[in-house]
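>
Numbering (the numbering used here), first residue to last: 152 to 424.
1) Buried or exposed: residue 398, going by 16 or more other Cβ atoms within 10 Å of its Cβ?
2) Confirm, please, whether the CB-CB distance from residue 190 to residue 243 is below 9 Å.
3) Quick check for students: name the residue ranges of the beta strand (DSSP E) that lie wholly in the segment 155-207, counting only runs of 3 or more.
4) Please report the distance separating the alpha-carbon of residue 342 from that of residue 232.
5) Tell me the DSSP secondary structure of residue 287 in three-state form.
6) Apart from the five residues just before and just after residue 338, which ones in its own chain have a Cβ nearer than 6 Å to its Cβ?
7) Using only the alpha-carbon positions, how far apart do residue 412 and residue 258 sit?
8) Out of 361, 296, 277, 273, which has the shortest C-alpha to C-alpha gap to residue 284?
9) Relative to the C-alpha of residue 198, which candidate in 245, 211, 208 has its C-alpha closest?
10) Please classify residue 301 as buried or exposed, where buried requires at least 16 other C-beta atoms within 10 Å of its C-beta.
11) With contact counted as at least three CB pairs below 8 Å, one residue from each stretch, are the segment 357-366 and the segment 260-280 in contact?
12) For residue 219 versus residue 162, is the C-beta distance shorter than 9 Å?
13) So, for residue 226: in the same chain, excluding its five sequence neighbours on each side, which residues have a beta-carbon less than 8 Å away from its beta-carbon?
14) If we require 3 or more residues per run, which beta strand (DSSP E) segments fall completely within the segment 377-405?
15) Bridge partners for residue 262 per DSSP, in chain order?
Pasting the structure below:
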């Protein structure tokens, strides 16, 4: 087999908003540092995503030192603390999970309400917050921030190439919003992987990622279509769900970099004490 390398590395500070391309990052138990620590919610604390609001794809994010910067067309930049402090008394919900979060403030709420055309607020998950990964797929009390269910999402360039060969018009990897992208593996080879290591960090593949309408949203325009979801459904469906990519958890912490060699066959998650 040819050498497999880490070819893409992405962080999404605000759930549902545009991500940031990285050359290197700290991989932590909770995910890539700063990944999905912020979330946009409605006044009832329900999370907002591109499923219902595809225009969220146009909300740009940037990290400048200790500052999170939001930008949207027709609006000036909004600068916020990257680690807001305050009581975690704002109750929010991500799917079936309810947890406490820090209300980021009225300025962010007004900005996002104006951008999205509806009442919205921004909340933050501090380091000591507890939201557990689904216990059906892990054997320890792994935590996750505001990502849908797992701290990491892996995707393969080979699998995307195979999908694009089936599409009338190919799509970019950003449709799938992965954290880690690998190069050098055959299409769908990741289905057979159980774990892999990058640098000093071991990642354990726990569940294939079921996909929804978010992948039909062009991340550059915010316009929704039918593909690639419709085409994936013709050959990557099982039990009425469509799959692309793998959800992972991490063992240990460390820096990972684009270009790092990916080593397969690391020890099994179930063998970790």
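C-beta atoms are modelled at their ideal positions from N, C-alpha and C, and glycine is treated no differently. Owing to the predicted nature of the structure, the values given are computational and were not obtained by experimental measurement.
On the basis of the data shown:
1) By 1-based counting over the chain shown, the position of residue 398 is 247. Its Cβ being crowded by 16 or more others within 10 Å, residue 398 is buried.
2) Start at 1 with the first residue of the chain shown, and residue 243 comes out as number 92. Start at 1 with the first residue of the chain shown, and residue 190 comes out as number 39. Contact: yes.
3) 156-162, 175-179, 189-192
4) Residue 342 sits at position 191 when you count from the first residue of the chain shown. Residue 232 sits at position 81 when you count from the first residue of the chain shown. Those two C-alpha atoms are separated by around 39 Å.
5) As a first step, residue 287 is located in the chain shown; it is residue number 136 there, counting from the start. Three-state result, residue 287: coil.
6) Here residue 338 refers to the residue found at position 187 of the chain shown. The residues are 309, 310, 313.
7) As a first step, residue 412 must be located in the chain shown, where it is residue number 261. As a first step, residue 258 must be located in the chain shown, where it is residue number 107. In this model, residue 412 and residue 258 are separated by some 43 Å (Cα to Cα).
8) For the purposes of this step, residue 284 is identified with residue 133 of the chain shown, where counting begins at 1. Looking at the Cα atoms, 296 is the closest of the given residues.
9) As a first step, residue 198 must be located in the chain shown, where it is residue number 47. Of 245, 211, 208, the residue nearest in Cα terms is 245.
10) Reading the chain shown from its first residue, position 150 is the one you call residue 301. Around the beta carbon of residue 301, 16 or more other beta carbons lie within 10 angstroms, which makes this residue buried.
11) no
12) Along the chain shown, one-based indexing puts residue 219 at 68. Along the chain shown, one-based indexing puts residue 162 at 11. Contact: no.
13) Along the chain shown, read from residue 1 onward, the residue named residue 226 stands at position 75. Hits under 8 Å: 262, 265, 266.
14) If we require 3 residues or more, the beta strand (DSSP E) runs fully inside the segment 377-405 come out as 392-402.
15) Mapped onto the chain shown, residue 262 falls at position 111. Looking at the DSSP assignment, residue 262 forms no beta bridge with any residue, so it has no partner.
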